[in-house]
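Counting along the sequence shown from 1, when you hit position 182 you're at 178 in the numbering used here, and nothing is skipped either side.
Note that beta-carbon positions come from the ideal geometry of N, C-alpha and C, so glycine has one too.
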Amino acid sequence: YEGQIYDKIMLNSYRGLNYLQMADEQGARVEFNRVLRRQEDAVALKQRRISRDEKSIANRKRQDSARARMAESDEVQAKLKSTYAFLDKYRSQGAYKNPYSVFLRGLFFTTHAAGNSDLETARHALSEVTASSGENRYVTGLLQRIEDRFAGRPVPRLVHVIFETGRAPKRNQVHIDLPLFVVGDGNV
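Given below as structure tokens:
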């Protein structure tokens, strides 16, 4: 088994947590920086795939107008709409990054900041989490702590408890029957 890019991102995230558990701050710092690099690699890889697929789709549309008309049929559109209606509540976020891994990275650089550049790193990571996952009072609180530290205000020490359920998304395959048309003499 060769892991997917998201497996590798999570591997570095948990290795960072393991190093923190062993009180190895430098090891954790290395792993959370690797999380950033893996996230950037994943974004670049996905962007290349999306560009390649968009070009392929455009070429196929030009080459096969009958197939395009078939995909636009009321029957196919109704099936797609009923199968994927739940997706309407989601919005596109552009480059996807795993918000949990970004949060862990931001939390690490908030709590183990060696200077202002680490606080800036934490601010950027936690702002990304807010942008991708919406407002969260804990993330907002961490961002406020960062601003307090920049302003020289005293910041009380906190213990951060992260509870994981062990649940993860799963993939399902859906089969959609497409009506077939016989094409000949310029007619469908």
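Straight-line gap, residue 25 to residue 104 (C-alpha atoms, nearest Å) | In the sequence shown, counting from the first residue as 1, residue 25 sits at position 29. In the sequence shown, counting from the first residue as 1, residue 104 sits at position 108. Rounded to the nearest angstrom, the two C-alpha atoms are 8 Å apart.
Look at the alpha carbon of residue 149 and the alpha carbon of residue 119, and state the distance between them as a whole number of angstroms.
-> Numbered from 1 along the sequence shown, position 153 holds the residue referred to as residue 149. Numbered from 1 along the sequence shown, position 123 holds the residue referred to as residue 119. Straight-line Cα distance between these residues: approximately 16 Å.
Span of the alpha helix (DSSP H) holding residue 5?
-> Locating residue 5 in the sequence shown gives position 9, where the first residue counts as 1. Start and end: 1 to 17.
Any idea if residue 136 is buried or exposed, counting beta-carbon neighbours within 10 angstroms, 16 or more meaning buried?
-> Here the question's residue 136 lines up with position 140 in the sequence shown. That one is exposed.
Below 8 Å on the Cβ atoms is my guess for residue 98 versus residue 124; work out the distance and round it to an integer in Å.
-> Taking the first residue of the sequence shown as 1, we reach residue 98 at position 102. Taking the first residue of the sequence shown as 1, we reach residue 124 at position 128. Right, the Cβ-Cβ distance comes to about 5 Å (below 8 Å), so this counts as a contact.
Supposed close pair residue 128, residue 93 - CB separation, criterion 8 Å = Translated into positions along the sequence shown, residue 128 becomes position 132. Translated into positions along the sequence shown, residue 93 becomes position 97. Going by Cβ atoms, the distance from residue 128 to residue 93 rounds to 7 Å, so yes, they are a contact pair.
Is residue 81 helix, strand or coil by DSSP?
-> Within the sequence shown, numbered from 1, the residue matching residue 81 stands at position 85. If DSSP states are grouped into helix, strand and coil, residue 81 belongs with the helices.
Where residue 110 falls: helix, strand or coil (DSSP) | As a position in the sequence shown, residue 110 is number 114, starting the count at 1. Reduced to three states, the DSSP call for residue 110 is coil.
State the DSSP-derived secondary structure class of residue 171, mapped to helix, strand or coil.
-> In the sequence shown, the residue the question calls residue 171 occupies position 175. Coil.
Give the C-beta separation of residue 100 and residue 162 to the nearest angstrom, bearing in mind that I take them to be a contact with Cβ-Cβ under 8 Å.
-> The sequence position of residue 100 within the sequence shown is 104, counting from 1. The sequence position of residue 162 within the sequence shown is 166, counting from 1. Wrong, their Cβ atoms sit about 17 Å apart, outside the cutoff.
Among 55, 96, 50, nearest to residue 158 - alpha-carbon criterion = To locate residue 158, count along the sequence shown from 1; it is residue 162. The candidate whose alpha carbon is nearest that of residue 158 is 96.
Secondary structure of residue 92, DSSP reduced to three states | Position 96 of the sequence shown, counted from the start, is the residue given in the question as residue 92. Residue 92: coil per DSSP, three-state reduction.
Which two residues bound the contiguous alpha helix (DSSP H) that contains residue 134?
-> Here the question's residue 134 lines up with position 138 in the sequence shown. Element bounds for residue 134: 133 to 146.
For residue 38, count neighbouring Cβ atoms within 10 angstroms of its own Cβ and tell me buried if that reaches 16, exposed if not.
-> Stepping through the sequence shown from its first residue, residue 38 is reached at position 42. Buried is the call here.
Anyone know if the C-beta pair for residue 151 and residue 141 falls short of 8 Å?
-> Translated into the one-based positions of the sequence shown, residue 151 becomes position 155. Translated into the one-based positions of the sequence shown, residue 141 becomes position 145. Less than 8 Å divides the Cβ of residue 151 from the Cβ of residue 141.
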